[in-house]
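Listed in order, the protein sequences are those of chains F and U. Residue 162 is where the first sequence starts when you use the working numbering, and the numbers rise one by one after that. Residue -7 is where the second sequence starts when you use the working numbering, and the numbers rise one by one after that. Cβ atoms here follow ideal geometry from the backbone N, Cα and C, with glycine treated the same way. Here the structure is a predicted model, which is why all the values come from computation and not from measurement. The structure appears below as structure tokens.
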Amino acid sequence: DTGVSQDPRHKITKRGQNVTFRCDPISEHNRLYWYRQTLGQGPEFLTYFQNEAQLEKSRLLSDRFSAERPKGSFSTLEIQRTEQGDSAMYLCASSPQGTGSYTGELFFGEGSRLTVL
Amino acid sequence: SQQGEEDPQALSIQEGENATMNCSYKTSINNLQWYRQNSGRGLVHLILIRSNEREKHSGRLRVTLDTSKKSSSLLITASRAADTASYFCATDGGKAAGNKLTFGGGTRVLVKP
Chain F
162 DTGVSQDPRH KITKRGQNVT FRCDPISEHN RLYWYRQTLG QGPEFLTYFQ NEAQLEKSRL
222 LSDRFSAERP KGSFSTLEIQ RTEQGDSAMY LCASSPQGTG SYTGELFFGE GSRLTVL
Chain U
-7 SQQGEEDPQA LSIQEGENAT MNCSYKTSIN NLQWYRQNSG RGLVHLILIR SNEREKHSGR
53 LRVTLDTSKK SSSLLITASR AADTASYFCA TDGGKAAGNK LTFGGGTRVL VKP
């Protein structure tokens, strides 16, 4: 069990460019969550998946944001036409929700820090 | 949007002292959790307390929950320099809310050696 893995850890981009982040959850975790965290604030919920189905999206997730989990394993979060306000840490978390090993906690990755110049 | 407020926003103590931080929330919960985050890193789960529990201990951590006041507190006893981090409370609204966690703004704790 290698934990939740996120890539890249850091991304610097120019305004208007597209960026994509990848999250590999703990294997056999059926739930996958994306959060965004700006400096000095707590994480804010963006979206979550149950297997490959995207079950909820926050109003924070504008049309420029899209998330996928095509085979119910890894997930990608794409931001199109980045803006300076998109600069944040993007956190991924997973859990074995609904299984015998579910305890209620989420397992977080180390995050992907985005800086938009 | 964030569920609750944490108090204080920042805390500076000497090694060996206790650190207490509070969390208030707004809606009904299934459970409340506390997480720790070192600078620039991901969040690590510390402890979970269910809505029908009032107090829980784990090592040097003690958590209380008062559902009538919609508040919780985290006490770290005999603090160490390695406890320097941000601490977040998070509420789980239950299955109807997708079991997603809603986080507070955090308390930044500095433990001076």
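Residue interval of the beta strand (DSSP E) (run including residue i)
i       : result
U/V55   : 53 to 58
U/E(-3) : -3 to -1
U/L40   : 35 to 42
U/L67   : 63 to 68
F/Y251  : 249 to 256
F/F299  : Lying outside 162 to 278, the shown extent of chain F, residue 299 of chain F is not represented and no answer is given.
F/Y194  : 192 to 198
Backbone CA spacing between residue i and residue j [nearest angstrom]
i       : j      : result
U/S20   : U/K61  : 11 Å
U/S(-7) : U/G96  : The pLDDT assigned to U/S(-7) is 47, lower than 50, so where the model puts this residue is not dependable, and the model offers no usable value.
F/H171  : F/S219 : 24 Å
F/L267  : F/A254 : 6 Å
U/N91   : F/Q202 : 21 Å
F/V165  : U/Q29  : 15 Å
F/S296  : U/A82  : Residue numbering for chain F in the displayed model covers 162 to 278; residue 296 of chain F lies beyond these limits and cannot be assessed.
U/A74   : U/S50  : 17 Å
F/G177  : F/Q215 : 26 Å
U/S4    : U/R33  : 20 Å
U/S31   : F/L200 : 10 Å
Contact set between residue i and chain U, taken where Cβ atoms lie within less than 8 Å
i      : result
F/Q258 : N91
F/E229 : Chain U residues near F/E229: none, gap ~18 Å exceeds 8 Å.
Contacts of residue i in chain F (Cβ-Cβ under 7 Å)
i     : result
U/R33 : E271
Which listed residue (the options) has its alpha carbon closest to that of residue i
i      : options                        : result
F/G272 : F/M250, F/E244, F/E205         : F/M250
F/F108 : F/L275, F/L278, F/G261, F/P257 : Here chain F covers residues 162 to 278 and nothing more, so residue 108 of chain F does not appear.
U/Q25  : U/L57, U/R52, U/A11, U/G8      : U/L57
U/A88  : U/I41, U/G8, U/N22, U/V55      : U/N22
F/G184 : F/R230, F/F206, F/K175, F/R242 : Residue identity differs from the one stated: residue 184 of chain F is Cys in this sequence, not Gly. Of F/R230, F/F206, F/K175, F/R242, the residue nearest in Cα terms is F/R230.
F/F206 : F/V277, F/L252, F/G259, F/A214 : F/L252
Partner residues on chain F for residue i, Cβ-Cβ distance less than 9 Å
i     : result
U/G96 : G203
U/Q25 : G265, E266, L267
Contact belief for residue i with residue j at Cβ below 8 Å, rounded distance in angstroms
i     : j      : result
U/C15 : U/S71  : In fact, because the Cβ distance is near 18 Å, the residues do not count as touching under 8 Å.
U/F80 : U/L40  : No, U/F80 and U/L40 are not in contact; Cβ-Cβ is about 13 Å, not under 8 Å.
U/E45 : U/R54  : In fact, because the Cβ distance is near 12 Å, the residues do not count as touching under 8 Å.
U/E7  : U/V103 : 6 Å
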